[in-house]
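These notes concern the structure reproduced below.
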Amino acid sequence: MKHFILSILYFGFAASVFAQTTLETCQQLAHEHYPEIEQYDLIRLTEQYDLSNAARAWLPQLALSAQATWQNEVPEFPDAFSGMLSQAGVIIPGLKKDQYKVGIELNQTIWDGGKSNADKRLARTEAAEQRATTDVNLYALKKRVNELYFGILLLEEKLTQTNRTITLLESNLNKVRSMVTNGTALASDADAVEAELLTVRQQATQIEASRTSYRKMLELFIGKPLQGNLLRPESDEPMTTKSARPELVLFDAQKNRLAAQEALIKSSTRPKFGFFAQGYYGYPSMDYFASMMSNEWRWNLLTGIRMSWNFGAYYTKKNSLNKLRTAQQSIDLQRDVFRFETDLQVAQETGDITRLRKTLADDARIVALRQSVREAAESKLRNGIIDTNDLLQKITDEATARSAQSVHEIELLKALYELKLTINQ
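Taken in order, the sequence shown gives residues 54 to 478; the numbers are from our numbering.
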């Protein structure tokens, strides 16, 4: 029986723990559920295709060709030589003006001037840049999740304080009604308290509706319903103020891509060497003398080493490289601006944290004083020293002080996590 009771208590505790949601859980679920997460797989596949294409530049290249031509003149023997052969009884028909050829050519790159390596490097750097861009977009998702999460916490805290005020007003309404029954208070006093109670209940209804709306939006981000209340994050200070934002990685990736493009431009100005082999079946053959003697088709083979050098690439090389260097300077400028703006944001958020900590140091004392004043006003009302309006004012002052304290606590947590988000900690 004892073990059974302990098991029930354990599972009850576990259920209460798992029924609560943390900020880190929401961020992780939103990251996994956001449609752009599939972009990583697409980038990986594109990179594989580009690298495969670059590697295939070293495979032998086969080309099949066929041609049929007619020409107005063909090589012939001199008339004197043809006459001598005719006298000797040797008839040479000569080359025909219609000629035919069906062939195949094999080309094998020996050195491509570094183009294939530059293509591979460009494929990798482009994929890295696209991944960094996706990282930046998904990192911005954290800010949207944080806004909703802390918005819900703030609304829940406001609702808690509003319900506390409702409970306090209900208690005082019962007391005032009892005083009306005993003839120590007017019916209008009870009406005033009841009116205030209804007003606060309306506020609670509005806050509840806003909280429900925020929760539904957060559920859309994380892809599943929220279970129970949201847990308050820990209010620990960031360990460092040095920024490690994904935007900085993106700037580096963009510069690496420009460096790869520079290597590709330089490779276009280098000579290229390759082996080739040509074989064809047709007429005439490479042995023109044999083709003059006979119109038969023959097999022919030609092999060798080929060098090609495109000097036209030099015409635009300088401008292309200068354009890339200008783009690199632009990226450096964007990085400097981003760091400057980030430092300003860190300074502002650090100042907000300091201000909120100082404000919270006084909030507890203010709430205690407002509570003491409200309790004294309740006693004065029972003794007929003050009227109901004075009591309602004291209740409102206490509710305002408690609400301000709760808001400042949530704002401090939000400011701490905004600073963590700014420096990517």
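In this text, a Cβ means the ideal position worked out from N, Cα and C, and glycines have one as well. All figures in this text were calculated on a predicted structure; none of them were measured in a lab.
Length of the line joining the Cα atoms of residue i and residue j
i: Thr-441; j: Tyr-267; result: 37 Å
i: Arg-495; j: Tyr-470; result: Residue numbering for the chain in the displayed model covers 54 to 478; residue 495 lies beyond these limits and cannot be assessed.
i: Pro-337; j: Gly-156; result: 13 Å
i: Lys-228; j: Ile-219; result: 14 Å
i: Ile-96; j: Ala-180; result: 6 Å
i: Glu-223; j: Ala-457; result: 22 Å
i: Leu-159; j: Leu-175; result: 28 Å
i: Glu-247; j: Ser-241; result: 10 Å
i: Ile-439; j: Thr-265; result: 40 Å
i: Leu-465; j: Arg-435; result: 40 Å
i: Thr-449; j: Gln-424; result: 10 Å
i: Glu-77; j: Asp-188; result: 17 Å
i: Gln-401; j: Ile-419; result: 27 Å
i: Gln-307; j: Pro-278; result: 39 Å
i: Leu-112; j: Tyr-368; result: 30 Å
i: Val-426; j: Val-233; result: 23 Å
i: Asn-190; j: Lys-211; result: 32 Å
i: Pro-299; j: Ile-90; result: 16 Å
i: Leu-194; j: Lys-467; result: 16 Å
i: Glu-272; j: Asp-103; result: 39 Å
i: Leu-355; j: Thr-186; result: 52 Å
i: Gly-327; j: Lys-173; result: 20 Å
i: Arg-323; j: Asn-375; result: 19 Å
i: Ser-320; j: Val-390; result: 34 Å
i: Asp-244; j: Arg-254; result: 15 Å
i: Glu-394; j: Pro-291; result: 19 Å
i: Arg-359; j: Tyr-192; result: 52 Å
i: Glu-200; j: Gln-256; result: 22 Å
i: Gln-73; j: Pro-286; result: 12 Å
i: Ile-145; j: Asp-340; result: 15 Å
i: His-84; j: Gly-276; result: 10 Å
Bounding residues of the beta strand (DSSP E) (the contiguous stretch that carries residue i)
i: Ser-361; result: 351–361
One or two residues paired with residue i in a DSSP bridge
i: Asn-160; result: Gln-114 and Phe-329
i: Gly-365; result: BP columns for Gly-365 are empty, so no partner.
i: Val-155; result: Ala-119 and Tyr-334
i: Leu-377; result: In the DSSP output, where bridge partners are listed per residue, Leu-377 has none listed.
i: Leu-283; result: Thr-74
Start-to-end residues for the alpha helix (DSSP H) that takes in residue i
i: Glu-300; result: 299–320
i: Lys-196; result: 168–235
i: Ser-241; result: 240–275
i: Ile-448; result: 441–476
i: Asp-103; result: 92–108
i: Gln-81; result: 76–86
i: Met-345; result: 341–346
Reference residue i; option with closest CA among the options
i: Trp-479; options: Met-346, Thr-369, Gln-331 and Lys-371; result: This structure gives no information on residue 479, because the portion of the chain shown stretches from 54 to 478.
i: Ala-421; options: Thr-403, Leu-397 and Thr-453; result: Thr-453
i: Gly-147; options: Asp-450, Ser-344 and Leu-355; result: Ser-344
i: Ser-361; options: Gln-398, Gly-166 and Lys-196; result: Gly-166
i: Gly-281; options: Ile-219, Glu-209, Lys-228 and Gly-236; result: Glu-209
i: Arg-392; options: Ile-463, Ala-297 and Lys-370; result: Ala-297
i: Asp-305; options: Gln-387, Ala-238, Gly-236 and Ser-432; result: Gln-387
i: Asp-151; options: Trp-123, Lys-269 and Phe-328; result: Trp-123
i: Gln-80; options: Thr-186, Leu-283 and Leu-311; result: Leu-283
i: Ala-316; options: Ile-384, Leu-377, Glu-85 and Gly-357; result: Leu-377
i: Gln-161; options: Thr-252, Phe-329, Glu-290 and Val-127; result: Phe-329
i: Phe-342; options: His-86, Phe-130, Ala-119 and Glu-85; result: Phe-130
i: Lys-433; options: Ala-414, Glu-394 and Ala-238; result: Ala-238
i: Tyr-333; options: Phe-274, Ala-380 and Ala-119; result: Ala-119
i: Ala-313; options: Tyr-93, Glu-182 and His-86; result: Glu-182
i: Gln-381; options: Gln-114, Asp-443 and Leu-303; result: Leu-303
i: Ser-263; options: Glu-249, Ile-205, His-84 and Leu-311; result: Ile-205
i: Gly-437; options: Gln-114, Asn-235, Ser-105 and Leu-207; result: Asn-235
Integer Cβ distance of residue i from residue j, believed to fall under 8 Å
i: Thr-412; j: His-461; result: 5 Å
i: Tyr-153; j: Ala-121; result: 5 Å
i: Ile-476; j: Val-399; result: 6 Å
i: Ser-459; j: Gln-259; result: The Cβ separation is near 17 Å, so there is no contact.
i: Gly-335; j: Trp-350; result: 6 Å
i: Lys-149; j: Asn-372; result: Between Asn-372 and Lys-149 the Cβ distance is about 53 Å, and since that is not below 8 Å, they are no contact.
i: Glu-431; j: Asn-216; result: Contact doesn't hold; Cβ gap of about 19 Å is too wide.
i: Ala-110; j: Ser-169; result: 4 Å
i: Lys-370; j: Ile-318; result: 6 Å
i: Ile-406; j: Leu-472; result: 7 Å
i: Thr-178; j: Arg-310; result: 4 Å
i: Lys-196; j: Leu-474; result: 6 Å
i: Tyr-87; j: Arg-184; result: Rounded, the Cβ-Cβ distance is 15 Å, inconsistent with contact.
Residue i: CB within 7 Å of a non-hydrogen atom of the ligand SAH
i: Lys-370; result: Absence of the ligand SAH from the depicted structure is noted, as is the absence of any ligand whatsoever, leaving it without description.
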